[in-house]
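>
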Amino acid sequence: MNALVLGAGTMGNAHAAAYAKMKDVTLSGIVDVNSEKAVQLANRYGTKAFASYEEAKRQLADIDVVSVCLPTPSHKEAVIQAAQDKCDVICEKPLARHLDDAREMMDECKQQGVHLFVGHVVRFFPEYIQAKKVVDSEKIGQPIMARTTRGGSFPEASNDWYANFAKSGGVILDTVIHDFDFLRWCFGEVERVYAKTSRGRAAGKIEYALITLRFESGVIAHVEGTWAHQKFHTKLEIAGKEGIIEHDSSKVNPVVLEKSAAANEAGGVAVPSSPAKDSPYYLEIQHFITCIKEDKAPIVTAEDAYEAVKIALAALESIKLGKPVYLKEFTGLEGVK
Ligand SMILES: NC(=O)c1ccc[n+]([C@@H]2O[C@H](COP(=O)([O-])OP(=O)(O)OC[C@H]3O[C@@H](n4cnc5c(N)ncnc54)[C@H](O)[C@@H]3O)[C@@H](O)[C@H]2O)c1
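Right under this line is the structure:
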């Protein structure tokens, strides 16, 4: 299979590294409007650099799968274009900035008969997989509550696009969405959401958000997202009637490697690391490739990604209204466009 990566930023680096390691996939090229970044990443893996998707299409004989690692507002156009070219698509999370865009992307992929996978990578982190297994095995009994934390410093990226709320959706849509997806994987559908954020209250680049989720199953989750700390970290706690499980990324990594900003090849956004031999990003992309080859349903579907966007947008709506938002009544069209 021939894979093309759109975007040579943090996630473009992660996808390119994964493809380069796969024996059954050829990394055919890297596309970035910033040609210096495209060339740099392409050179690292001995592949070609392109300034646009159109240019890549003109020069490459075959593209089977396209990885969309562009800033969130550019996902829609790229996914639809790739689908119309009959390429399978792996799109970074969040699937889209707006719910109607997400649905349009999914519909187009369905209509064109191509797969659409979304990078909800937390489902590929060993500690989260293990937590889900423990919950499913009922070792902690009926789950009652969960508490999660995710974040670090304010993400730095091309054109400072994370700092533009209309583009990134802030820490909730961009970062906490990982936990929304994970919690929904464990506990099923969310009934209502109540959220608070520091966004707009503090000067400068900083955001801290707290979200309460009430699941239809009765589980309550306290979800914390931060772009106000320095080190990237994640925490998870799930309490059941017969026990509790805990994970704290600052405690579990046996060897800590911190590269200086200058030595960090991937770019500006801190992403979770894992002591596992194969990175969760590799495992995730390899899983999607296997799903394409064997026409299997993925561990995380586009519909799951849609629901995660919906929960995040409901949280943003709750912040605006100052009251809980019921998912069943939320259309997602309430938000600003
Ligand atoms: N799964 C995760 O853990 C994770 C972590 C970080 C970011 N993300 C997501 O990945 C996506 C990319 O984020 P990032 O941090 O890598 O961003 P980034 O700004 O570091 O990289 C994006 C790259 O795309 C290029 N670009 C922009 N528009 C383009 C276009 N139209 N055509 C070609 N190139 C274009 C930019 O020059 C830049 O190099 C976002 O949706 C983000 O939310 C996911």
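Residue numbering for the sequence shown follows this note's numbering, starting at 727 and increasing by one per position.
Using N, Cα and C, we set each Cβ at its ideal position, and we do this for glycine too.
1) With H, G and I counted as helix, E and B as strand and the rest as coil, what does DSSP make of Arg-722?
2) I'd like to confirm something about Asp-702: is its beta-carbon nearer than 8 Å to some heavy atom of ligand 1, or not?
3) Ligand 1 and Cys-795: does any heavy atom of the ligand fall closer than 8 Å to the residue's C-beta?
4) If you run the structure through DSSP and keep just helix, strand and coil, what is Asp-788?
5) So, Cys-921 versus Ile-932, is the Cβ gap smaller than 9 Å?
6) Within the chosen definition, does the segment 850-862 reach the segment 882-896 through at least 3 CB pairs nearer than 8 Å?
7) Confirm the yes/no value for this check: CB of Asn-885, any heavy atom of ligand 1, distance under 8 Å.
8) Tell me which residue opens and which closes the beta strand (DSSP E) that Asn-890 is part of.
9) Per DSSP, what kind of secondary structure is Arg-940 in: helix, strand or coil?
10) If I follow the unbroken alpha helix (DSSP H) through Phe-913, where does it start and stop?
11) Considering only C-alpha positions, which residue in the set Phe-1014, Ala-1034 and Gly-926 is nearest to Ile-1025?
12) With 16 other CB atoms within 10 Å as the buried threshold, where does Asp-907 fall?
13) Who are the near neighbours of Cys-912 in its chain, counting only those whose CB is closer than 6 Å to its CB and skipping five residues on each side?
14) DSSP has Gly-772 in a bridge; who is on the other side?
15) Use the C-beta contact count for Ser-976: other C-beta atoms within 10 angstroms, 16 or more gives buried, fewer gives exposed.
16) In the DSSP assignment, the beta strand (DSSP E) including Leu-1047 goes from what residue to what residue?
17) Can the beta-carbon of Thr-1027 be found less than 9 Å from the beta-carbon of Trp-953?
18) Over the uninterrupted beta strand (DSSP E) stretch that includes Asn-728, give me the two end residues.
19) Out of curiosity, what's the CA-to-CA distance linking Pro-1006 and Val-848?
20) Report whether the distance from the Cβ of Lys-763 to the nearest heavy atom of ligand 1 is below 8 Å.
21) Rounded to the nearest angstrom, what separates Gln-956 and Met-737 at their Cα positions?
22) Taking contact to mean at least 3 C-beta pairs separated by less than 8 Å, is the segment 834-845 in contact with the segment 878-893?
23) Just to check my reading of the structure: Met-871 and Val-919 have Cβ atoms closer than 8 Å, yes? What is that Cβ distance to the nearest angstrom?
24) Pick from Ser-924, His-824 and Val-995: whose alpha carbon is nearest that of Ile-1045?
25) CA-CA distance, Ala-1023 and Ser-943?
26) Let me check understanding here. Comparing Cα to Cα, which of Tyr-1052, Ala-1034 and Cys-813 lies closest to Arg-823?
27) So is the beta-carbon of Val-995 under 8 Å away from any non-hydrogen atom of ligand 1?
28) Which of the three DSSP states is assigned to His-846 in this structure?
29) Report yes if the CB atom of Leu-767 is closer than 9 Å to the CB atom of Ala-734, and no otherwise.
30) How long is the line joining the alpha carbons of Lys-1054 and Glu-803, rounded to whole angstroms?
31) If I'm right that Ile-1011 touches His-846 with Cβ under 8 Å, what's the distance once you round it to whole angstroms?
32) Closer than 8 Å: is that where the CB of Thr-798 sits relative to any heavy atom of ligand 1?
33) Three-state secondary structure (DSSP) at Ser-793?
34) Would Glu-853 pass as a contact of Leu-753 if the rule is Cβ separation under 9 Å?
On the basis of the data shown:
1) Residue 722 lies beyond the range of the chain shown here (727 to 1063); nothing can be said about it.
2) The structure shown does not extend to residue 702, since the chain spans only 727 to 1063, so no value can be given for it.
3) Locating residue 795 in the sequence shown gives position 69, counting from the first residue. Yes, Cβ of Cys-795 sits closer than 8 Å to a heavy atom of ligand 1.
4) Start at 1 with the first residue of the sequence shown, and residue 788 comes out as number 62. Coil at Asp-788, not helix or strand.
5) Counting from 1 along the sequence shown, the entry for residue 921 is found at position 195. Counting from 1 along the sequence shown, the entry for residue 932 is found at position 206. The question names Cys, but residue 921 in the sequence shown is Ala. For Ala-921 and Ile-932, no; Cβs fall outside 9 Å.
6) no
7) Taking the sequence shown and counting its residues from 1, the one referred to as residue 885 is at position 159. Yes - ligand 1 has a heavy atom lying nearer than 8 Å to the Cβ of Asn-885.
8) Residue numbering aside, residue 890 sits at position 164 when the sequence shown is read from its first letter. Looking at the DSSP string, Asn-890 is not in any beta strand (DSSP E), and its letter there is neither H nor E.
9) Looking up residue 940 in the sequence shown gives position 214. Note: Arg-940 maps to strand in three-state DSSP.
10) As a first step, residue 913 must be located in the sequence shown, where it is residue number 187. Where Phe-913 is concerned, the enclosing alpha helix (DSSP H) stretches over 903-913.
11) Translated into the one-based positions of the sequence shown, residue 1025 becomes position 299. Here the closest residue by C-alpha is Phe-1014.
12) Position 181 of the sequence shown holds residue 907. The residue in question, Asp-907, is buried, as its Cβ has 16 or more Cβ neighbours within 10 Å.
13) Here residue 912 refers to the residue found at position 186 of the sequence shown. Contacts found: Lys-858 and Val-861.
14) Counting from one through the sequence shown, the residue named residue 772 turns up at place 46. Partner(s): none; Gly-772 has no beta bridge.
15) One-based indexing of the sequence shown puts residue 976 at position 250. Exposed.
16) What you label residue 1047 is simply residue 321 of the sequence shown in a count that begins at 1. First-last for Leu-1047: 1028-1047, but that is the alpha helix (DSSP H), not the beta strand (DSSP E).
17) Taking the sequence shown and counting its residues from 1, the one referred to as residue 1027 is at position 301. Taking the sequence shown and counting its residues from 1, the one referred to as residue 953 is at position 227. Cβ atoms of Thr-1027 and Trp-953: not closer than 9 Å.
18) Taking the first residue of the sequence shown as 1, we reach residue 728 at position 2. Element bounds for Asn-728: 728-732.
19) As a first step, residue 1006 must be located in the sequence shown, where it is residue number 280. As a first step, residue 848 must be located in the sequence shown, where it is residue number 122. Using only the alpha carbons, I get a separation of about 8 Å.
20) Indexing the sequence shown from 1 puts residue 763 at position 37. For ligand 1, at least one heavy atom lies less than 8 Å from the Cβ of Lys-763.
21) On the sequence shown, residue 956 is found 230 positions in, with the first residue counted as 1. On the sequence shown, residue 737 is found 11 positions in, with the first residue counted as 1. Spanning the two alpha carbons is a distance of roughly 20 Å.
22) no
23) Your numbering for residue 871 matches position 145 in the sequence shown. Your numbering for residue 919 matches position 193 in the sequence shown. In fact, because the Cβ distance is near 16 Å, the residues do not count as touching under 8 Å.
24) Counted from its first residue, the sequence shown places residue 1045 at position 319. It is Ser-924 whose Cα lies nearest to the Cα of Ile-1045.
25) Numbered from its first residue, the sequence shown carries residue 1023 at position 297. Numbered from its first residue, the sequence shown carries residue 943 at position 217. Straight-line Cα distance between these residues: approximately 25 Å.
26) For this step, residue 823 is matched to residue 97 along the sequence shown. When only C-alpha atoms are compared, the closest one is Ala-1034.
27) To locate residue 995, count along the sequence shown from 1; it is residue 269. At least one heavy atom of ligand 1 is nearer than 8 Å to the Cβ of Val-995, so yes.
28) As a first step, residue 846 is located in the sequence shown; it is residue number 120 there, counting from the start. It is coil, neither helix nor strand.
29) In the sequence shown, the residue the question calls residue 767 occupies position 41. In the sequence shown, the residue the question calls residue 734 occupies position 8. In contact: Leu-767 and Ala-734 (Cβ atoms closer than 9 Å).
30) Taking the first residue of the sequence shown as position 1, residue 1054 is located at position 328. Taking the first residue of the sequence shown as position 1, residue 803 is located at position 77. Each residue's alpha carbon lies about 28 Å from the other.
31) By 1-based counting over the sequence shown, the position of residue 1011 is 285. By 1-based counting over the sequence shown, the position of residue 846 is 120. So it is not a contact: roughly 12 Å between Cβ atoms.
32) Indexing the sequence shown from 1 puts residue 798 at position 72. At least one heavy atom of ligand 1 is nearer than 8 Å to the Cβ of Thr-798, so yes.
33) Sequence index remark: in the sequence shown, residue 793 carries index 67 (1-based). Correct three-state label for Ser-793: strand.
34) One-based indexing of the sequence shown puts residue 853 at position 127. One-based indexing of the sequence shown puts residue 753 at position 27. Not closer than 9 Å, so no.
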